[in-house]
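Enquirer: Pasting a structure here, questions to come.
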Amino acid sequence: MNFLEPIVLDGLASLLWPFCRIGAFLMAMFIFGGGTVPARVRLLMALTITVCMIGSIPKVPANPELFSLDGILTTISQILVGAGLGFMTQFLAQAFIIAGQAVAMQTGLGFASMVDPVSGTNAPVVGQFFNVLTTLIFLALDGHLVFMRLLLFSFETIPVGPQIFTPQELTYLIYFGAVMFQGALAMAISAICTMLVVNFTFGVMTRAAPQLNVFSMGFAVSMAAGLLVLWYCLTAFMGNFTLVINALMESTCSLMGTSCSGVW
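Structure follows, in structure tokens:
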């Protein structure tokens, strides 16, 4: 029966190592990751996607030794590659969550908070609202399918083996982290400037007419101005989403060492 051993190990490796990369990707992806989707469902999705992709994935190294040091390093590298690609999508969601938190804090809407089902911490409702909008737009544009295609391309640019991202490729993770904060600031800068002008105006009114009860008027006016600013931010939401998603695609393709032409 020894002649069956290489066949069984080859078939197991051709399924196990792609499954590790795809499973790690789904565990780290911002839509399917966290506590919103049960772990068993994600594992079942990973197994189903692996079976569907197995015909398009390049063959794994011949005569694999799954339980050797090289096999263990290969398994770890597949998990890290999949988690790295999935982690890139987290930047997209966090950019708009940070923007929503900044808008909420500046407009006086920060007191309205709820438990974030992903992180388990309290977060302003405005940030969660932006997160829901980001998720819906991402799904409406088939962003999850685009990243599945990128995941399939990754098996060609980063073949199954003990190798992993180079230090130069890892710099794109840091680069897009900066882009995340830039996108959040671009989204919230109008609210910050508007509320600065409103607060400055109330300061001048208090100085000019001390008899005015600013504490009774200020909160209502600030709230009304905050709602108007929030409406203005929503009108520019799609433009900011386009800028962030384009930067995300460029960083992800650069991380994989491939071109984004024909992917998005």
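Per the UniProt record's numbering, numbering through the sequence shown is continuous, rising by one, with the last residue being 264.
A virtual CB, placed ideally from N, CA and C, is assigned to each residue, including glycine.
#1: To the nearest angstrom, how far is the alpha carbon of F111 from that of V126?
#2: For a test of the three-state rule: what should DSSP assign to P124, helix, strand or coil?
#3: Quick one: what does DSSP say M148 is sitting in, helix, strand or coil?
#4: Using a Cβ-Cβ cutoff of less than 6 Å, which residues in the same chain neighbour M187 once the five nearest sequence positions on both sides are dropped?
#5: Which one of N246, P159 and W231 has the shortest CA to CA distance from S56?
#6: In terms of residue numbering, what span does the alpha helix (DSSP H) encompassing M29 cover?
#7: When the distance is taken between beta carbons, is T252 closer than 8 Å to M88?
#8: Looking only at its own chain, which residues have a Cβ that is under 8 Å from the Cβ of residue 269, when we skip the five neighbours before and after it?
#9: Determine the direct distance from the alpha carbon of F200 to that of F30, and round the result to whole angstroms.
#10: In angstroms, rounded to a whole number, what distance separates the CA positions of M1 and D10?
#11: Have a look at the DSSP bridge pairing and note the partners of S113.
#12: Distance, Cα to Cα, L185 vs E250?
#13: Around the Cβ of R21, are there at least 16 other Cβ atoms within 10 angstroms (buried) or fewer (exposed)?
#14: Using DSSP with H/G/I as helix, E/B as strand and the rest coil, what is G71?
#15: Ordered along the chain, which non-local residues of its own chain (more than five positions away) have a Cβ less than 6 Å from that of A24?
#16: If I follow the unbroken alpha helix (DSSP H) through E65, where does it start and stop?
#17: Just the Cα atoms here: how many angstroms apart are residue 303 and Q163?
Expert: Considering the structure as presented:
#1: Cα to Cα, F111 sits roughly 10 Å from V126.
#2: Reduced to three states, the DSSP call for P124 is strand.
#3: In the structure shown, M148 falls within a helical segment according to DSSP collapsed to helix, strand and coil.
#4: Excluding residues up to 5 positions away in sequence, A99 and N240 lie with their Cβ nearer than 6 Å to the Cβ of M187 in the same chain.
#5: It is P159.
#6: M29: not part of any alpha helix (DSSP H); DSSP gives it neither H nor E.
#7: Yes, the pair counts as a contact, with Cβ atoms nearer than the cut-off.
#8: Because the chain here runs from 1 to 264, residue 269 falls outside it and cannot be looked at.
#9: Approximately 39 Å, taken between the alpha carbons.
#10: Residue confidence for M1 is low, a pLDDT of 48 falling below 50, so the modelled location carries little weight and cannot support an answer.
#11: Under DSSP, S113 shares a beta bridge with P124.
#12: Roughly 20 Å between the two C-alpha positions.
#13: Under a 10 Å Cβ-count criterion, R21 is classified as buried, with 16 or more other Cβ atoms of the shown protein chains found around its own Cβ.
#14: When secondary structure is reduced to three states using DSSP, G71 falls in the helix class.
#15: Take A24, set aside five residues on each side of it, and the residues of its chain with a beta-carbon closer than 6 Å to its own are I79, G82 and A83, in chain order.
#16: Per DSSP, E65 lies in no alpha helix (DSSP H) segment and is marked neither H nor E.
#17: Since the displayed the chain opens at 1 and closes at 264, residue 303 lies outside it and no answer follows.
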